[in-house]
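Here is the structure we will look at.
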Amino acid sequence: MTSEKWWKEAIVYQIYARSFKDSNGDGIGDLNGILTKIDYLSWLRIDAICLNPIFDSPNENNGYDTSDYYTIHTEYGKQEDFDDLLQALHEQGVKLILDIVVNHTSNEHYWFQEAKKSRENIYYRYYLWWPEEDGEPPERESFFDNPGKGWTYNLQTNSWYLHYFSPAQPDLNWENPAVRKEIHNIFRFWLQKGVDGFRLHDISFISKDIHFPKITKKIIEHKYQGEWSHYYAQGPRLHEFLNEMRVEVFDHFNAVIIGEAPGILAEHALSFVDPQRAELDVFTQFEGIGMGYVSGEFRNVIPHTYDMRIFKNIFSRWNDVFLNIGWGTIYLGNHDQPRMVSRWGNESPEYRKSSAKLLLTFLLSMRATPFIYNGDELGMTNISAAPWVGDDSRTPFPWTGDDGCGFSSAEPWISMDPNCVFINQEASMRDPDSILHYFKKLALFRHSCKTLVYGNYIQLNTEDALYGFIRSDEKARLLILLNFSDQRVSYIMQPLLVNPIKVLINNYSDVRINEKNLEMLPYQALIVDLS
Ligand code: NOJ
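So this is what it looks like as structure tokens:
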């Protein structure tokens, strides 16, 4: 039986700080901007915010290329601004989780600047190198340089350095105990300040077989489902490093450790969050969000290519992974993905509201910690036409319908979506039927009903477009029905339902019952009490 924890019950709100609220008129969102919106965060009834990287960085990869883990990027503010924000959040009962990437640093990090000078430099061993005298380095793929190389040559050391992402992001050598100590100290520094947890990005890649065996595309095809990430996620000392991190650092703090773990298959996921093994607390899977990608084109996704049968199978399978122990997150969008409503719902004026509400109902009624990406509570849409890219979800948060939509007094660093004149927070607050008010209602409901957090989950055998499941425990029995289509779909009520039914959540104002059928309207979402 799973134990109760705040982070299992929490609704996490992901803030892309660069695009949330600019307080100093430079067109870039910042920490003080978030501080000015504390009342809104508290009003939303979320329990924690998760901040995309805010550390010093040349921003080659939006802060996932860190040049100093101890310093707040000047664009976001100062250390004192961070302290003020943390204090203000805590006063409102909102926790703070930091995104951090320690698989690689920026090539502008002091360690790498030193490392690249000579093979004798002590920082040389902080990274992974292939000496020129050993010939061509073995094939490794860089995710960002398709079909590019995962090695870049450095003249001064006459050797190649490894980078799973861009050449501006050299991978750290976790085999070196000095590197691990440095990383532990970084975590300790922020935990001592009082942060409530970390989301560890690309954590599945930190361990490498440093004998660098010959891996070819063919091997990747046959043994690793055609994905380099599956090979990269099977480093020989991965579990050992995670356990060491836990024992050395995290066990001494009351924080949550969320692993953002690309390349890990469902059958291996539990081993990362089994409390007995003392590694991570929460596992973030990629299978759901990976549906419908154009092969080989990182971040490009073809519209509406997902199949509801596969969708249901994936989320049900991942529910089963953490059936008795362990825990996962659930999300349908983030800074790397297209906007949730454009991708999984329907952004047309007719269905944007109902489908966004449906998706939020799904996220808040599953047995996992929901991560809501900022703006999805307003139903923000993709700015570009398909195929969509991650940057679609990085457009500034629209606070008002005025000129500049209340994000900044200056030209924003990335274009506002022109639809911010009508999709914005102020207008959503005014509209009692808005996605925003519906989200809040759902958040309150989830907080009042632990059945939605811990209760059993059983998927029902329904028509493809309809996703039906039961959440139940000794206190309640809830039926969740989600029509993922723009057509009406019938749900045969017997034997689960009798008329009149007790509707707890509905994204429409009524329920259509026709003899023994419940007529689900396009994108209708219902939570029904069966207790
Ligand atoms: C994961 C982050 O979510 C993504 O934005 C980034 O590009 C990669 N890590 C590489 O750093």
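Residue numbers for the sequence shown follow our numbering, so the first one is 72 and each next one is one higher.
All C-beta atoms in this analysis are idealised placements derived from N, C-alpha and C, irrespective of residue type, glycine included.
C-beta atoms of residue i and residue j nearer than 8 Å
i	j	result
residue 201	residue 228	no
residue 479	residue 98	yes
residue 14	residue 185	Only positions 72 to 602 of the chain appear in this structure, which leaves residue 14 out of reach.
residue 463	residue 410	yes
residue 255	residue 298	no
residue 526	residue 497	no
residue 429	residue 578	yes
residue 396	residue 145	no
residue 147	residue 445	no
residue 553	residue 541	no
residue 105	residue 156	yes
residue 135	residue 173	no
residue 100	residue 168	no
residue 245	residue 232	no
residue 237	residue 133	no
residue 590	residue 506	no
Boundaries of the alpha helix (DSSP H) in which residue i is found, first to last residue
i	result
residue 496	496–501
residue 436	423–436
residue 389	379–392
residue 310	309–319
residue 543	Not the alpha helix (DSSP H): residue 543 falls in the beta strand (DSSP E), residues 537–543.
residue 350	Where residue 350 is concerned, there is no enclosing alpha helix (DSSP H), given that its DSSP letter is neither H nor E.
residue 231	Not the alpha helix (DSSP H): residue 231 falls in the beta strand (DSSP E), residues 230–233.
residue 300	299–303
residue 80	77–80
Alpha-carbon spacing of residue i relative to residue j, whole angstroms
i	j	result
residue 551	residue 290	43 Å
residue 349	residue 561	46 Å
residue 412	residue 282	45 Å
residue 451	residue 249	44 Å
residue 518	residue 115	12 Å
residue 486	residue 580	36 Å
residue 165	residue 85	12 Å
residue 310	residue 277	10 Å
residue 170	residue 407	13 Å
residue 91	residue 405	13 Å
residue 263	residue 325	11 Å
residue 265	residue 572	46 Å
residue 576	residue 483	38 Å
residue 352	residue 588	42 Å
residue 418	residue 513	21 Å
residue 125	residue 335	27 Å
residue 187	residue 361	36 Å
residue 524	residue 76	10 Å
residue 129	residue 533	50 Å
residue 402	residue 569	33 Å
residue 240	residue 107	33 Å
residue 495	residue 317	41 Å
residue 356	residue 190	38 Å
residue 337	residue 385	9 Å
residue 399	residue 439	5 Å
residue 300	residue 333	7 Å
residue 585	residue 358	37 Å
residue 192	residue 109	46 Å
residue 80	residue 441	9 Å
residue 431	residue 95	33 Å
First and last residue of the uninterrupted beta strand (DSSP E) at residue i
i	result
residue 85	83–86
residue 264	Per DSSP, residue 264 belongs to no beta strand (DSSP E); it is in the alpha helix (DSSP H), 248–264.
residue 412	Unbroken run through residue 412 is the alpha helix (DSSP H), 411–415; no beta strand (DSSP E).
residue 590	588–591
residue 596	596–600
residue 573	573–577
residue 479	Careful: residue 479 lies outside any beta strand (DSSP E) and carries neither H nor E.
residue 28	A question about residue 28 goes unanswered here, because the residues of the chain that appear run from 72 up to 602.
residue 562	560–563
residue 327	327–331
residue 335	Note, residue 335: premise wrong, no beta strand (DSSP E); not H, not E.
residue 202	200–202
residue 364	Segment: none, residue 364 is in no beta strand (DSSP E) and carries neither H nor E.
residue 584	583–585
residue 192	No beta strand (DSSP E) contains residue 192, which DSSP labels as neither H nor E.
Proximity test, Cβ basis, 8 Å: residue i and chain D
i	result
residue 87	Here there is only one protein chain, and chain D is not present.
Closer than 7 Å: residue i CB and nearest ligand 3 heavy atom
i	result
residue 141	Although ligand 3 was asked about, the structure shown includes only ligand 1 as ligands.
Contiguous beta strand (DSSP E) assignments of at least 3 residues, all confined to the stretch 140–188 = Counting only runs that start and end inside the stretch 140–188, the beta strand (DSSP E) elements of at least 3 residues fall at 166–172.
Length at least 4, wholly inside the stretch 506–535: the alpha helix (DSSP H) runs in chain order = Those alpha helix (DSSP H) runs which fall completely within the stretch 506–535 and span 4+ residues are 506–519 and 521–525.
Give, in chain order, every unbroken run of the beta strand (DSSP E) that is at least 3 residues long and sits entirely within the stretch 104–145.
-> Taken in chain order, the whole beta strand (DSSP E) runs of length 3 or more contained in the stretch 104–145 are 119–122 and 139–143.
Which ranges does the beta strand (DSSP E) cover as unbroken runs of at least 3 residues, wholly within the stretch 264–288, from first to last along the chain?
-> For the stretch 264–288, whole beta strand (DSSP E) runs of length 3 or above, ordered along the chain, are 268–272.
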